[in-house]
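Peer 1: Below you'll find the structure I mean.
There are 2 protein chains.
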Amino acid sequence: MLSAAKELNYLKSGPASDLKKNRTKTIALLLSDLSGPFYSELIRGVQEIVLENGYDLIAVSSYADESSTAARFLREARTDGVILLAHNINTDFVLNSAREGFPIIALDREVIGNPNIISISVNNSRGAYEATEHLINSGCRSVAHISGPANSKDSQERLAGYKQALADFNTPSLYKWILNGKFTQEGGYEATKMLIHQGDLPEGIFYGNDEMAIGGLNALKEYEIRVPEDISIIGFDDIQLAPYLRPPLTTMRQPKYEIGKLASHVLFQLLAGESVSSHYTFDAELISRESVRLF
Amino acid sequence: MLSAAKELNYLKSGPASDLKKNRTKTIALLLSDLSGPFYSELIRGVQEIVLENGYDLIAVSSYADESSTAARFLREARTDGVILLAHNINTDFVLNSAREGFPIIALDREVIGNPNIISISVNNSRGAYEATEHLINSGCRSVAHISGPANSKDSQERLAGYKQALADFNTPSLYKWILNGKFTQEGGYEATKMLIHQGDLPEGIFYGNDEMAIGGLNALKEYEIRVPEDISIIGFDDIQLAPYLRPPLTTMRQPKYEIGKLASHVLFQLLAGESVSSHYTFDAELISRESVRLF
DNA sequence: CTGTTAGCGCATTCAC
DNA sequence: GTGAATGCGCTAACAG
């Protein structure tokens, strides 16, 4: 009777099944904006490991802050674990969502003291230091920095690395050469225009990420300032577009694929009850293309 | 007592809540590959409407066919509705997953006869016709076509439009000038190399999508065939990279943002019990850049 | 207005 | 082996 019903088009309810089994066999990747096209490498890394372990992967957006889908997935443990790359969810919220058996891997912040939260980050200050150093070593006697939002840890660290390099190489560190570009293309465009209007153009610009560098490139083109003949620029991230820009963008590559793989790998270790380090670090790598003038 | 527990760090279970309420307030966007970077416009459109309606959006991959996450979300109605853009899930499976009160919006196929499944598509054959026509009108006396997978409806229709244009404009239609590039960059590269090795190069190539055109551009560059001086090429989709290619790619733009908005809009109408058309169509639009030589 | 209770649809257990 | 009963953790309905 019941089996007959099953044969002819039985559709089970996922939620009911999850409730009973107390696990979803699903991992959520929490992103600040689903429509941002720059995570594909990371997603690929995560997806590989998640599928390999017989789990499903869903991507969730934290678009509207704490009322967002992502927040709900965190707070209500709608999956068996979570990989967090959503800087607009605040750390207290994350801490309050942590619970036994619900691993959280944070890729965009350092969370200490909670055994259910592991963080993985790239060495931003070091990467920024190298970017700035590269500009200086290739002949720039002055270097500006277009930074990201002040509340972003990535941005703060990159700014710190930049300043350290200026200090170490006796290069002028001027307030007017540090502008906020909000990590967006538009922001990079505006910040670069401001830099140009100030009159005293530096010989190099270190953009806190590639998106802002794209905006910068557009602003520079508008004013017929040639890259790299008149000014050298360097970005951070190595997004997919970087090699296609004119000129191809020199940048600091983040090993996104590797980070994605490690994040999910660690997640499954936690799910299996194994103990892991509370923090992992990767280095960024200089990808030299044509936006920095070499001597 | 219970309220005291709540105050100090109560974490509710999402699955249990969903079960009780019999709705998730979540819409799933089913994509064939989460790491594909070419959906951002569409996602943006969907996200806007979904959030506006107080719902959450999650993105799910159908990476591993019928055993995939996406398939599970369809089959088990894990969300209140679904937007489908996953050609690797077959239509019978979709039909068998349909149920009352679980709207499915199909963006990559035409599904007829089921009131719970609505399809939205672009007029592929017409777009392909226009692409081919554009090549012919700009002076190409011969036009090849690199197509997508044979089982893709999009690909079939684009091929049909191409053939129709050749017929209408008395342009030679040769079997050797229709090659399969699988809708991937690699496939487009290989197909283009084959075309080159055949010796008798056409004056224009219509690629079934932009990704294959990128591969084609690479192959052409390798053989020092100049675009558009030696050969004109046109793509389909207008992906984000298209204007950044060398030369900037002429292509048929799909109104992805608008499609995303309509898809979610229709979904909510269905959820509200309103009746809607069973099928909607958009037109592709010629975006003229520099990969077609103009006379 | 606060406290108790029934039942959502499954998977698992136990009785048969 | 097949079939009925229990309870997962909530929410909504209801009683006090």
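These protein sequences, in sequence, are chains A and B. Going by the numbering used here, the first sequence opens with residue 53, and the numbers climb by one from there. Going by the numbering used here, the second sequence opens with residue 53, and the numbers climb by one from there. The C-beta atom is built at its ideal place from N, Cα and C for all residues, glycine as well. Source: prediction; values computed, not measured.
1. Suppose contacts are defined by Cβ-Cβ distances below 7 Å. Is Ile291(B) in contact with Phe258(B) by that definition?
2. Which ranges does the beta strand (DSSP E) cover as unbroken runs of at least 3 residues, wholly within the segment 122-165 of chain B, from first to last along the chain?
3. Which ranges does the alpha helix (DSSP H) cover as unbroken runs of at least 4 residues, wholly within the segment 70-104 of chain A, from first to last along the chain?
4. Does the beta-carbon distance from Gly133(A) to Leu319(A) come in below 7 Å?
5. Contact check, Ala180(B) vs Glu209(B) under 8 Å by CB: the rounded distance?
6. Can you say whether Gly251(A) is buried or exposed, counting buried as having 16 or more other CB atoms within 10 angstroms of its CB?
7. At a CB-CB cut-off below 7 Å, which residues of chain B make contact with Asp70(A)?
8. Since Ala315(B) contacts Ile156(B) with CB under 8 Å, what's their CB separation in whole angstroms?
9. When you compare the CB of Asp289(A) with every CB in chain B, is at least one pair closer than 7 Å?
10. Classify Thr333(A) as helix, strand or coil using the three-state DSSP reduction.
11. When burial is assigned at 16 or more other CB atoms within 10 Å of the CB, is Leu265(A) buried or exposed?
12. When you compare only the Cα positions, how much space is there between Asp144(B) and Val279(B)?
13. So with CB distances below 9 Å, who are the chain B contacts of Tyr241(A)?
14. Give a yes or no on whether the minimum CB-CB distance between Ser84(A) and chain B is below 7 Å.
15. Around the C-beta of Tyr91(A), are 16 or more other C-beta atoms found within 10 angstroms, so that it is buried, or is it exposed?
16. CB Pro295(A) to CB Asp70(B), shorter than 7 Å?
17. Taking just the CA atoms, how far does Glu185(A) sit from Ile164(A)?
18. Find out if the Cβ-Cβ distance for the pair Ile172(B), Leu187(B) is shorter than 7 Å.
19. May I ask you to report which of helix, strand or coil DSSP gives Ile311(A)?
20. Asp198(A) bridges to which residues according to DSSP?
21. Shorter than 7 Å from the beta carbon of Tyr296(A) to some beta carbon of chain B?
22. Is any beta-carbon of chain A found at less than 7 Å from that of Leu52(B)?
23. What residues match up with Phe221(A) in a beta bridge as DSSP calls it?
24. Near Ser329(B), which residues of its chain fall below 7 Å by C-beta distance, leaving aside the five closest residues on each side in sequence?
25. Does chain B have any CB closer than 7 Å to the CB of Tyr332(A)?
26. In the structure shown, what three-state DSSP assignment does Ser119(A) receive?
27. According to DSSP, is Asp289(B) helix, strand or coil?
28. Just to confirm before moving on: does the CB-CB distance between Glu93(A) and Lys308(A) stay below 7 Å?
29. Does Asp108(B) have its Cβ less than 7 Å from a Cβ in chain A?
30. Contact between the segment 107-118 of chain A and the segment 72-81 of chain A is defined here as three or more beta-carbon pairs at a separation below 8 Å; is this criterion met?
31. Please classify Tyr214(A): is it buried, with 16 or more other beta-carbons within 10 angstroms of its beta-carbon, or exposed?
32. If you draw a straight line from the alpha carbon of Ala243(A) to that of Glu326(B), how long is it in whole angstroms?
33. Count the other C-beta atoms from every protein chain shown that fall within 10 angstroms of the C-beta of Asn203(A), then say buried if there are 16 or more, exposed otherwise.
34. What in chain B is Cβ-close to Ala116(A), meaning under 9 Å?
35. Identify every residue that forms a DSSP beta bridge with Ser173(A).
Peer 2: So, from the listed chains and residues:
1. In this structure, Phe258(B) does not lie closer than 7 Å to Ile291(B) by Cβ.
2. 133-137, 156-158
3. For the segment 70-104 of chain A, whole alpha helix (DSSP H) runs of length 4 or above, ordered along the chain, are 92-104.
4. yes
5. 7 Å
6. exposed
7. Pro67
8. Their Cβ separation, rounded to whole angstroms, is 10 Å, which puts Ala315(B) and Ile156(B) out of contact at 8 Å.
9. no
10. strand
11. The question names Leu, but residue 265(A) in the sequence shown is Ala. The residue in question, Ala265(A), is buried, as its Cβ has 16 or more Cβ neighbours within 10 Å.
12. 43 Å
13. None at all; the shortest Cβ gap to chain B is about 16 Å.
14. no
15. buried
16. no
17. Between Ile164(A) and Glu185(A), the C-alpha separation is close to 31 Å.
18. no
19. In the displayed model, Ile311(A) falls within a helix according to three-state DSSP.
20. Sequence inspection shows Ile at residue 198(A); the Asp mentioned does not correspond to that position. Paired residues: Leu231(A), Tyr259(A).
21. Yes, Tyr296(A) counts as interfacial toward chain B.
22. In the structure as shown, chain B begins at 53 and stops at 347. Residue 52(B) is therefore absent and cannot be evaluated.
23. For Phe221(A), DSSP records no beta bridge to any residue.
24. none
25. no
26. The answer is helix: DSSP assigns Ser119(A) an H, G or I state.
27. strand
28. yes
29. yes
30. yes
31. Counting C-beta atoms within 10 angstroms of its own C-beta, Tyr214(A) has 16 or more neighbours from the protein chains shown and is therefore classed as buried.
32. 48 Å
33. exposed
34. In chain order: Leu103.
35. Thr333(A)
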